[in-house]
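Which chain is which? The protein sequence lines are V and H, in order. Be aware that the first sequence starts at 1, since it is given in this note's numbering, and climbs by one per residue. Be aware that the second sequence starts at 1001, since it is given in this note's numbering, and climbs by one per residue.
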Amino acid sequence: MALVAPASAAAARRPSRLERARRWAVAFCRSPQAALGALLLLAVAIVAIFAPWLAPQDPYDLASLDLMDSRLRPGEVGSGGMYHWLGTDDQGRDLWSAIVHGLRISLGIGLGAGLIAALIGTTVGVLSAYWGGAADTVIMRVVDFQLSFPAILIALVLLAALGPGIEKVIFALVAVQWAYFARTVRSTALVEREKDYISAVRSLGIGSRRIVFGHLVPNCLPTVLVVAAVQVANAIALEATLSFLGLGLPVTQPSLGLLIANGFQHILAGRTWISAYPGVALVLLIVAINLVGDRLRDMLDPRSGT
Amino acid sequence: MTLFILRRLLQGAQLMIVMSIIVFIGVYLIGNPVDILIHPAATQQQKAEIIARLGLDRPLWEQYGQFVMGALRGDLGTSYVYRVPAFGLILKALPATMELALSAMVIAIVVGIPLGLWAGYRPHSIPAQAITAFSILGFSLPTFWVGLMLIVLFSVDLGLAPSGGRGATVEVFGIPLSILTLDGLRHLMLPAISLALFKIGLVIRLTRASMQETLRQDFVRFARAKGVPEHRVVVSHVFRNILLPIVTVVGMEFGSLIAFAVVTETVFSWPGMGKLIIDSISVLDRPVIVAYLMFTAFLFVLINLLVDVAYSVLDPRVRLAGR
């Protein structure tokens, strides 16, 4: 790769990186649902990243809230002349602003937890497959033990013990999710380990560390990506659920789940928008990730045919 | 076979021991119940008395030893709040949760399997794509929000169903059931649907994938070549072959239904184990939390065991030597 290749047949046969990316994107969008999902995800990401500029009000700044404006219906104008197109909650907070910021928190937690869990799970899974023997047995025992209980139950116990807080929620999510990565990545790594290129690398006398991290891990990445899409969506849903139950984030950091919980008490009084709109945002976010993840699995997983 | 079951029982027992240690230590970390239970105005002496009565002054390992000895006798401590045995509280809430989880499972199977078969049979047709999209939605919708929206639609807007509680119950062999009364059924309807939705998505995807896979098999081609009518190919050749793995997976998912009932019960104030545990966590009622977790762990071990045994009985290809 470091060699300066002459503009030869080899270069002509292998399309440029950009061209390959373009072809891949075209193939990805061949499924209309996936294209829609990708578009939606892009929109949500933009909203989350630019939240402070897109929100007309800073929902954390208590000084800018006015209790006079509480529980305004969608489309009403508040005391400061602000147009609340999604209404306000019981603190007089503009719901659109709260949702935009909540989206940011939810997406951040989901990505953060998913990334850390992927790092830990992939490392453990690949090493388990590479070492084999007793270490493999012990590691997979732990994974199986954990996977025999539903994620929500484990997270519930952990958070009941740890108390609320953003870093505690992420810790609980990682503790729940690393096992899914470890299990799936291990089975991929087991297959990769037996392939010829690994024997070839080994016969060159290259050390274990480089075999694992330079060759096995990169070849397991498509699997990691597929699992990650599912797990990020799960993490977001789980965080929302835990926050709704009052076990997740503190009230000062309103994620989408907490916003929905705040509206819960108003539902029977007919003020349904306080719970409904944050929920719509949450569903859009999760659906977008799942649509993209589904397509990734179809394209990257060799077992699914097509 | 006997050896297989014995080995699995032993594994289950190991699992319970590990669980009991984790749960006990984990729950021990939860704040100090004394702060909540004792009136702030109580004197130092009163405080010490209550702590001694609850056994909170003894070292952790001694408390654990006592807990295990008690657990073996079916005594998981006395609720700090209700002042009755914690295990009894769990057992009292069990029928409501079981009724909810079973109803949700039945709904998931009855709705999910036909839709999945259809989607798998002609995967490129418009209805099949719609079904697949619906299954993704079922996967993506958070259970608690679906519950809230069902309340909005059916309780607040349409007034068709109550928003919470269990309604009238009938005792069958001493177990109160809602499903047998009209009022109870109306109360059960919304929570059961909201709990089932996630599993419907799962069943659809599973059935669809198995259907597609089985349709490619040689015996299906052979049956068609032999001139077997198409509906018979689907019903007696394909369906019969995929039913077993589906039932197995759904059986295994039953445990997760019980776990997710925590959320549904909280939304609909359904008086089951899940609502009990959430209420208990918020007031740090330690014995009830421990009792719930141990009992749920036991249920899971039991469900996994039953599913494994059923699977090995039904499918001769499963090797019992079991590694």
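Glycine included, every Cβ here is placed at the ideal spot set by N, Cα and C.
{"Asked": "Within the continuous alpha helix (DSSP H) that includes H:P1114, where are the two ends?", "Found": "A1086 to Y1121"}
{"Asked": "Tell me, please, whether the CB atom of V:G102 is closer than 8 Å to any CB atom in chain H?", "Found": "no"}
{"Asked": "Using beta-carbon positions only, say whether V:I109 and V:I170 come within less than 8 Å of one another.", "Found": "yes"}
{"Asked": "Note the first and the last residue of the continuous beta strand (DSSP E) segment covering H:L1177.", "Found": "I1175 to L1177"}
{"Asked": "With 8 Å set as the bound, which would you pick, yes or no: does the beta-carbon of H:S1312 sit closer than that to a beta-carbon of chain V?", "Found": "no"}
{"Asked": "Residues of chain V with a CB under 8 Å from the CB of H:F1260: which are they?", "Found": "P150 and I152"}
{"Asked": "Please work out which residues of its chain come closer than 7 Å, Cβ to Cβ, to H:W1118, disregarding the five sequence neighbours upstream and downstream, and give them in chain order.", "Found": "P1127, A1128 and I1131"}
{"Asked": "Rounded to the nearest angstrom, how far is the Cβ of V:V100 from that of V:L54, given a contact under 8 Å?", "Found": "5 Å"}
{"Asked": "Can you find the residues in the same chain that come closer than 6 Å, C-beta to C-beta, to H:V1146, ignoring five residues on each side of it along the sequence?", "Found": "S1194 and L1197"}
{"Asked": "Any idea which residues DSSP pairs H:E1171 with across the strands?", "Found": "H:P1176"}
{"Asked": "Would you call the CB atoms of V:A237 and V:I274 closer than 8 Å?", "Found": "no"}
{"Asked": "Is H:G1012 closer than 8 Å to H:V1301 when the C-beta atoms are compared?", "Found": "yes"}
{"Asked": "Indicate whether at least one CB of chain V lies closer than 8 Å to the CB of H:F1300.", "Found": "yes"}
{"Asked": "Using a Cβ-Cβ cut-off of 8 Å, state whether V:N290 counts as contacting chain B.", "Found": "You won't find chain B in this structure, because its protein chains are V and H."}
{"Asked": "Which residues in chain V have a C-beta closer than 9 Å to the C-beta of H:V1247? List them in chain order.", "Found": "None at all; the shortest Cβ gap to chain V is about 19 Å."}
{"Asked": "Is there contact here, the region 118-137 of chain V with the region 179-189 of chain V, by at least three beta-carbon pairs under 8 Å?", "Found": "yes"}
{"Asked": "Does the region 1218-1234 of chain H touch the region 1134-1150 of chain H, meaning 3 or more C-beta pairs lie closer than 8 Å?", "Found": "no"}
{"Asked": "Pull up the distance between the alpha-carbon of H:S1140 and that of H:T1207, whole angstroms please.", "Found": "18 Å"}
{"Asked": "For V:S16, collect the residues of the same chain with a Cβ closer than 8 Å to its Cβ; drop the 5 residues on either side in sequence, then sort them by chain order.", "Found": "none"}
{"Asked": "According to the Cβ coordinates, are V:I105 and V:Q253 closer than 8 Å?", "Found": "yes"}
{"Asked": "Give me, in chain order, the residues of the same chain whose beta-carbon lies closer than 7 Å to that of V:T306; leave out the 5 immediate sequence neighbours on both sides.", "Found": "Note that V:T306 scores a pLDDT of 37, beneath 50, so its modelled location is shaky; the value from the coordinates is reported in the next line. Closer than 7 Å at the Cβ level, and outside the excluded window around V:T306, lie D298."}
{"Asked": "List, in chain order, every chain H residue whose beta-carbon is nearer than 8 Å to that of V:I198.", "Found": "Residues of chain H passing the Cβ test: none, with the nearest at roughly 25 Å."}
{"Asked": "Spatial neighbours of V:A182 within its chain, please: CB distance less than 6 Å, with the 5 preceding and 5 following residues excluded, ordered by chain position.", "Found": "G121, V124, G125 and V143"}
{"Asked": "Measure how close the beta-carbons of V:L245 and H:T1266 come, nearest whole angstrom, since I'm counting them as under 8 Å.", "Found": "6 Å"}
{"Asked": "Got a sec? Which residues, its chain only, sit under 7 Å from H:F1024 by beta carbon, not counting five neighbours each side?", "Found": "Y1064, F1067 and V1290"}
{"Asked": "Per DSSP, which one or two residues make a beta bridge with H:T1078?", "Found": "H:P1085"}
{"Asked": "So which of V:A155, V:F149 and V:A45 has the shortest CA-CA distance to V:G102?", "Found": "V:A45"}
{"Asked": "Once DSSP output is grouped into helix, strand and coil, what is the label at H:T1043?", "Found": "coil"}
{"Asked": "Smallest Cα separation from H:H1124: which of H:Q1212, H:V1203 and H:L1150?", "Found": "H:Q1212"}
{"Asked": "Run the CB neighbour count on H:G1322, radius 10 Å, all protein chains shown included, and call it buried at 16 or more, exposed below.", "Found": "The predicted position of H:G1322 is uncertain, since its pLDDT is 44 and thus under 50; a value taken from the coordinates is nonetheless stated next. Flag for H:G1322 reads exposed."}
{"Asked": "Secondary structure at H:T1296, three-state DSSP: helix, strand or coil?", "Found": "helix"}
{"Asked": "Could you compute how far the alpha carbon of H:A1261 sits from the alpha carbon of H:L1182?", "Found": "22 Å"}
{"Asked": "For H:T1266, return the contacting residues in chain V, with the cut-off set at a CB-CB distance below 7 Å.", "Found": "L245"}
{"Asked": "From the beta carbon of V:Q33, is the nearest beta carbon of chain H less than 8 Å away?", "Found": "yes"}
{"Asked": "Is the distance from the Cβ of H:V1307 to the Cβ of H:T1248 below 8 Å?", "Found": "yes"}
{"Asked": "Mapping DSSP to helix, strand and coil, what is H:T1181?", "Found": "coil"}
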